[in-house]
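Numbering (my numbering), first residue to last: 30 to 561.
What follows is the structure in structure tokens.
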């Protein structure tokens with residue numbers, strides 16, 4: 030584990046503690062030095078992700094010491110998390126040119142009063158349960174994971190999550206974080222190596238953690254709910270300190286351990302939700318960086334000393350990160366190694382002649398296995414990328430157990446009252462004319478409908494400069510909000526269409542909807558259909 034100190038230190042002390050100096054807070058250089066934080070720490074995190082390692086960065090320190098500013102920054106001066114995300118996608122864009130492909134998902138949670146909340150869910154007030162998988166480790170049940178295709182998607186997730194995060198004003202900080210926040214990137218990279226065209230697929234999890242500050246009630250002036258929050262914050266941070274101390278002791282014992290002095294150190298991960306969720310990052314399969322944020326004020330000497338001791342223990346922890354490689358890709362590589370050895374064995378004729386048929390049979394079997402596995406992996410990843418491209422084209426994104434469609438184009442959404450129907454129907458309306466009718470029409474209409482009352486040419490929707498107009502064909506049954514149309518009619522956001530007697534749609538215009546949301550106007554329509 031690496032740690033970094035967030036203010037100027039005496040050079041000898043800095044050397045003794047094996048710390049990096051990255052920030053000198055003199056009130057003028059802060060903006061420039063956030064770039065230095067990224068160059069010293071963030072680049073290592075990105076390199077680890079592309080190599081297939083898990084990574085974690087967490088900022089620790091007293092309240093008001095600049096942890097959230099270091100991790101998130103401000104709109105004018107971005108912090109570590111946005112810079113890492115932006116650079117990650119820049120590296121991905123360069124990798125795609127060389128044939129690599131990627132899949133990235135994000136999640137964002139907060140731990141408030143020892144309860145986990147999903148900051149990207151519509152129901153952020155609902156607490157989620159933490160469970161532990163025997164192989165994958167601790168996880169949050171039903172936590173939403175959102176597929177992102179560029180930095181703008183991540184920025185939208187961060188903004189939405191930060192708006193729901195719990196903050197409050199104290200005597201030491203006007204906007205004090207009252208919860209721990211964990212922003213997680215799940216990053217999958219796949220492609221072929223250049224030198225031997227070997228399939229490669231790695232998965233990395235990057236945890237970017239903004240801890241709430243340790244605080245003393247007399248200094249913050251906390252009372253009531255703020256006091257309860259502070260107690261929960263301090264409890265989790267004390268547990269984090271205990272875990273770090275136990276891990277440091279365990280690492281030191283591992284260096285000096287002999288059979289006679291063997292002793293298992295108990296690590297109290299489950300004493301708090303924070304340490305339980307960060308179990309793998311703190312003492313397992315992860316490259317972890319700790320940022321110790323401290324105050325230069327002499328009145329905070331006690332807290333500063335405590336933070337430095339905390340960090341000094343953390344640097345003694347020895348993690349064992351490993352590359353998270355896809356099992357099938359690993360098997361393909363092992364098979365190719367065996368194939369190369371068998372070919373070399375045949376070429377050099379090191380075995381007796383009677384053994385060569387057996388070696389050839391083994392070689393052919395291994396080559397067949399390798400070919401099948403490679404084809405399966407290639408097909409799987411090709412299908413995955415095709416799905417991602419289709420989702421991006423349609424504006425689909427994953428949200429927890431659901432799929433959300435974000436579309437900028439006007440469209441019709443099917444409203445089907447058939448209990449046996451299990452699909453969702455959506456038709457985008459193109460600029461110009463969209464023809465709607467049955468399959469009997471030649472050429473085939475843009476939107477093909479069936480059912481009672483549908484004519485071969487039923488109607489047309491003309492879209493010009495963002496305005497959609499429905500033009501019914503002569504004799505066609507076209508209902509707009511329960512009114513039977515006998516001529517052209519303008520469509521507005523949320524209106525209901527009934528074409529024929531069974532095809533019901535809602536018209537959505539994203540641009541008009543956004544305008545109505547800004548104006549704060551919305552109306553509820555109670556529709557009663559009177560079909561004759």
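By construction, the Cβ of each residue, glycine as well, lies at the ideal position given by its N, Cα and C atoms.
Subject >> Candidates 443, 463, 544, 476, of which the one nearest residue 525 by Cα >> reply: 443
Original post:
Can you tell me whether DSSP reads residue 331 as helix, strand or coil?
Top reply: helix
Original post:
Do residue 219 and residue 77 come within 8 Å of each other at the CB atom, strictly closer than that value?
Top reply: no
Original post:
Does DSSP put residue 459 in a helix, a strand or coil?
Top reply: coil
Original post:
What's the gap between the Cα of residue 156 and the Cα of residue 147?
Top reply: 8 Å
**OP:** Can you tell me which of 546, 522, 543 puts its alpha carbon nearest to the alpha carbon of residue 535?
**Re:** 522
Original post:
Going straight from the alpha carbon of residue 512 to that of residue 457, what length do you get?
Top reply: 23 Å
Subject >> residue 106 (DSSP reduced to helix, strand or coil) >> reply: coil
Original post:
Going by beta carbon distance, what residues of the same chain come within less than 6 Å of residue 101, once the five residues before and after it are set aside?
Top reply: 108, 110
**OP:** Taking only runs that begin and end inside the stretch 297 to 368, name each unbroken alpha helix (DSSP H) of 4 or more residues, in chain order.
**Re:** 302 to 306, 308 to 312, 330 to 343
**OP:** Could you give the DSSP three-state label for residue 192: helix, strand or coil?
**Re:** helix
Original post:
Do you know how far the Cα of residue 126 is from the Cα of residue 89?
Top reply: 39 Å
**OP:** Along the beta strand (DSSP E) that carries residue 528, what are the first and last residues, could you check?
**Re:** 525 to 528
**OP:** Could you give the DSSP three-state label for residue 155: helix, strand or coil?
**Re:** coil
Original post:
Using a Cβ-Cβ distance under 8 Å, would residue 65 count as near chain C?
Top reply: The structure shown contains no chain C; it is built from a single protein chain.
Original post:
Do residue 113 and residue 237 come within 8 Å of each other at the CB atom, strictly closer than that value?
Top reply: yes
Subject >> Cut-off 6 Å between Cβ atoms - residues of its own chain near residue 131, not counting five sequence neighbours on either side >> reply: 121, 218
Subject >> N- and C-terminal bounds of the alpha helix (DSSP H) containing residue 77 >> reply: 72 to 80
Original post:
Looking at the structure shown, is residue 237 part of a helix, part of a strand, or coil, going by DSSP?
Top reply: strand
Original post:
Roughly how many angstroms separate the alpha carbons of residue 475 and residue 410, rounded to a whole number?
Top reply: 32 Å
Subject >> Classification of residue 507 by the beta-carbon crowding that lies within 10 angstroms, buried from 16 upward >> reply: buried
Subject >> Cβ pair residue 509, residue 499 closer than 8 Å >> reply: yes
Subject >> Buried or exposed by the 16-neighbour rule on C-beta atoms within 10 Å, applied to residue 35 >> reply: Caution applies to residue 35, whose pLDDT of 46 falls short of 50 and renders its modelled position unreliable; the value that the coordinates give is listed next. Label assigned to residue 35: buried.
Original post:
With which residues is residue 533 paired in a DSSP beta bridge?
Top reply: 527
Original post:
With distances taken from CA atoms, which of 270, 304, 274, 208 is nearest residue 140?
Top reply: 208
Original post:
By a C-beta neighbour count over all protein chains shown, 10 Å radius and 16 as the cutoff for buried, is residue 91 buried or exposed?
Top reply: buried
Original post:
Under 8 Å, do residue 455 and residue 529 count as touching if we go by C-beta distance?
Top reply: no
**OP:** Could you check what DSSP says for residue 60 in three-state terms: helix, strand or coil?
**Re:** Any reading at residue 60 needs caution, since the residue's pLDDT is 49, under 50, leaving its predicted position unreliable; the model's value is listed next. Correct three-state label for residue 60: helix.
Subject >> Assigned exposure category for residue 194 - 16 Cβ within 10 Å defines buried >> reply: buried
Original post:
If we ignore side chains and look at the alpha-carbon of each, how far apart do residue 333 and residue 323 end up?
Top reply: 5 Å
Original post:
Leaving out the 5 sequence neighbours to the left and right, which residues in its chain are closer than 7 Å to residue 544 when beta-carbon positions are compared?
Top reply: none
Subject >> When 264, 517, 396 are compared against residue 369, the one with the closest alpha-carbon >> reply: 396
Subject >> Nearest-angstrom Cβ-Cβ length linking residue 484 and residue 467, presumed shorter than 8 Å >> reply: 7 Å
**OP:** Return the chain-ordered list of same chain residues with a C-beta closer than 8 Å to the C-beta of residue 179, the five sequence neighbours on each side being excluded.
**Re:** 118
**OP:** Count the other C-beta atoms from every protein chain shown that fall within 10 angstroms of the C-beta of residue 163, then say buried if there are 16 or more, exposed otherwise.
**Re:** exposed
**OP:** Using 10 angstroms around the beta-carbon of residue 68, count the other beta-carbons present and answer buried if the total reaches 16, otherwise exposed.
**Re:** exposed
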